[in-house]
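Okay, structure first, notes after.
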Amino acid sequence: MKKQFMVKHRKHFITMTCLVAGMLVLTTAVYANYDNAGGYTNYKNAVKNLAFDADNYTADANMTFIMDGEEMTTSEFLYKCNNGDTSQYNLTNDNFSGEASKSEYYSYVNGDKRYVYYPETNMYYESKIDGEKNKTIIPLDDATSKKAVRFAELMADAFVGDLKNNVVLVSEEDGVRKYSIHVEKSQIPEIVNAGLSLMFTANNNSPNSSSYVTYKNYEKTFNAFYKEKTGNDYKSLDYSNLSESEQEALNDIYNAFDKKYSGILEAKGHKGIVLVLANGDYKYYTNYSDYMNSEYAPNEAKTMAMFGDDPYVDDVTMNVTLDEKGRLAENYLEASLMGKDKNGEKHVATMKVNSKIYDYDKTSVDLFNPEGKTKQN
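Each residue of the sequence shown is one higher than the last, beginning at 20 in the numbering used here.
Okay, here's the thing in structure tokens:
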């Protein structure tokens, strides 16, 4: 569909925070502090090569998110690229809301076509790629991109602080280097935990100010509305291939659909939350807390509050392998976020990510085969 589906705002906020704040920033900072056996320089160059230069490799990764000892989310990822062509597999098993759910899909870029395939329904979407394809993860084809990358690099270096010598060169054999890093609570830069405290305090103390329309299933609700207006079932359309009059007609339906539910919120003085159900009915909640407590399991609804206003990164571990050419081959990251709820009970969120990158300059991407599958557009 042309419009983006509504998303649940805070569902995986802890996941994102733990991963970004606890791992990417901190591990770079640790490397910057003590360049053991060229560790920082070697690792930074390997990451830059993967992001900006490498255009042929295979990467696979798995992620686990654990909350208070309970496994909440697991993900698997396989990515192949070759000079702009790609094939990718994603699988996520999620128990965050208290109900097990699974998301699985494949995506391909083959020549000037992009395909996304969902095995559960045996359906796929096809679109045409206009212009030149990106051959690397982050293309540096203009001055703005280059300056942004340079700024980010300097920001990472600026995190050098009162860290100890955490980088350990575990082994070096035939040019392959293995590093290990462990950072404890007392060694975490103060600015990181200060940032976490700011985010959690802002969230925990202003939940009732939220005001928006959200959907249980945007696609089903819109499909029913579209059929009511046109008498036809909605089918995903390539918007660029529609005539001007067809585009205007479709936009009118989108606008009418939005107005139907935004008008409800407007009548409430733009206060509270309108939850639109799949059948087109709706529920109204006067504040965000009531909405979350009603619609979500307690562990999801109260995730932010579980960590209080002053959570902190408690522990970070990273193991890295660089191949004989200095390229990133393996990267294991683990970080834990800790905090206390209003009753003083301690809670722990842990993220584990294990990734491997291999077959540099030897990778062939998988090609999409539409045989036996149903095309949706």
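All residues carry an ideal CB built from backbone N, CA and C; glycine is no exception.
Candidates the options: closest to residue i by CA position
i	options	result
GLU90	THR369, LYS392, LEU386 and ASP380	THR369
LYS279	ASP79, TYR234, ASN109 and MET323	TYR234
CYS8	LYS166, ALA70 and PHE115	Any answer about residue 8 is impossible in this case: the structure gives the chain only from 20 up to 396.
GLU95	LEU110, PRO330 and PHE84	LEU110
LYS154	SER355, ALA243 and ASN68	ASN68
ASP328	TYR231, LEU296 and ASN362	ASN362
GLU364	ALA221, SER262 and PHE326	PHE326
SER281	SER230, ARG133 and GLY391	SER230
ILE272	GLY250, GLY288 and LEU284	GLY250
SER146	LEU97, LYS132 and LYS152	LYS132
GLU353	SER199, GLU265 and ARG346	SER199
ASN61	PRO389, ARG346 and SER355	ARG346
LEU173	GLY88, ASN270 and LYS63	LYS63
VAL232	LYS287, ALA65 and VAL66	LYS287
ALA171	GLY214, TYR137 and VAL66	VAL66
ASP72	ASP87, ILE148, PHE115 and ILE156	ILE156
MET86	LEU97, PHE115 and TYR108	PHE115
SER355	GLY214, SER308, LYS204 and LEU97	LYS204
DSSP-derived helix/strand/coil call for residue i
i	result
SER262	coil
ASN362	coil
TYR98	strand
GLU390	coil
VAL384	coil
SER230	strand
ALA70	helix
LYS204	helix
ASP104	strand
LYS235	coil
ASN222	helix
HIS28	With a pLDDT of 40 at HIS28, under the threshold of 50, the modelled position of that residue is not reliable, and the figure given next carries that caveat. Note: HIS28 maps to coil in three-state DSSP.
ASN251	coil
ASP378	coil
ASP79	strand
MET42	Low confidence applies to MET42: its pLDDT is 48, below 50, so where it sits in the model is not reliable, and the reading given next is rough at best. DSSP places MET42 in helix when its eight states are reduced to three.
Neighbourhood of residue i by C-beta distance below 6 Å, restricted to the same chain and skipping five residues each side
i	result
PRO158	none
ASN81	GLU95 and ASN373
GLY180	Low confidence applies here, because GLY180 scores a pLDDT of 44, under 50, leaving its location unreliable and the question unanswered by this model.
TYR310	ILE292 and TYR304
SER120	ASP113
SER216	ASP329
PHE84	THR34, MET91, THR92 and MET370
LEU3	Not covered by the structure: residue 3. The range shown for the chain is 20 to 396.
ASN350	VAL339 and SER374
VAL189	LYS197 and SER199
LYS248	ILE272
ASP149	none
Same chain, Cβ closer than 8 Å to residue i, five either side skipped, listed in chain order
i	result
LYS246	ASP252 and TYR253
LEU386	SER106, TYR127 and ASN129
VAL195	THR340, LEU341, ASP342, GLU343 and ALA348
GLY358	PHE219, MET325, PHE326, GLY327, ASP329, PRO330, TYR331, LYS365 and HIS366
SER383	LYS99 and ASN101
ILE397	Within the shown structure, residues of the chain are numbered from 20 to 396, placing residue 397 beyond reach of any answer.
GLY88	VAL367
Residue-level contact to chain D via CB, residue i, 7 Å cutoff
i	result
PHE84	The displayed structure is made up of one protein chain only, and chain D is not part of it.
Cβ-based neighbour list, residue i, same chain, cut-off 7 Å, excluding 5 preceding and 5 following
i	result
ASN141	LYS392 and THR393
PHE276	PHE241 and PHE244
TYR139	The amino acid occupying residue 139 in the given sequence is Glu; Tyr does not appear at that position. Excluding residues within five positions, the ones whose Cβ falls inside 7 Å are GLU123.
ASN270	none
beta-carbon residue i near the ligand MN non-hydrogen atom, thresh 6 Å
i	result
LYS121	The ligand content of the structure shown is nil, which means the ligand MN is not present either.
Practice item. Could you tell me whether the segment 341-351 touches the segment 233-245, using the rule of 3 or more Cβ pairs below 8 Å? Key: No, because fewer than three Cβ pairs between the segment 341-351 and the segment 233-245 fall closer than 8 Å, the two stretches do not touch.
Exercise for review: May I have a chain-ordered list of the alpha helix (DSSP H) segments no shorter than 4 residues that lie completely inside the segment 113-199?
Suggested key: Entirely contained in the segment 113-199, the alpha helix (DSSP H) runs reaching 4 residues are, in chain order, 162-176.
Exercise for review: Inspect the CB distances between the segment 119-128 and the segment 99-106 and report whether three or more fall short of 8 Å.
Suggested key: Taking 8 Å as the limit for Cβ pairs, the verdict is that the segment 99-106 does touch the segment 119-128.
Practice item. Count the CB pairs spanning the segment 160-173 and the segment 299-309 that are closer than 8 Å, and state whether there are at least three. Key: With a cut-off of 8 Å, the segment 299-309 and the segment 160-173 do not count as touching, because too few Cβ pairs lie within range.
Practice item. May I have a chain-ordered list of the alpha helix (DSSP H) segments no shorter than 4 residues that lie completely inside the segment 273-352? Key: DSSP runs (the alpha helix (DSSP H)) wholly in the segment 273-352: 307-314, 317-320 and 322-325.
Practice item. Could you tell me whether the segment 367-387 touches the segment 75-86, using the rule of 3 or more Cβ pairs below 8 Å? Key: The segment 367-387 vs the segment 75-86: in contact.
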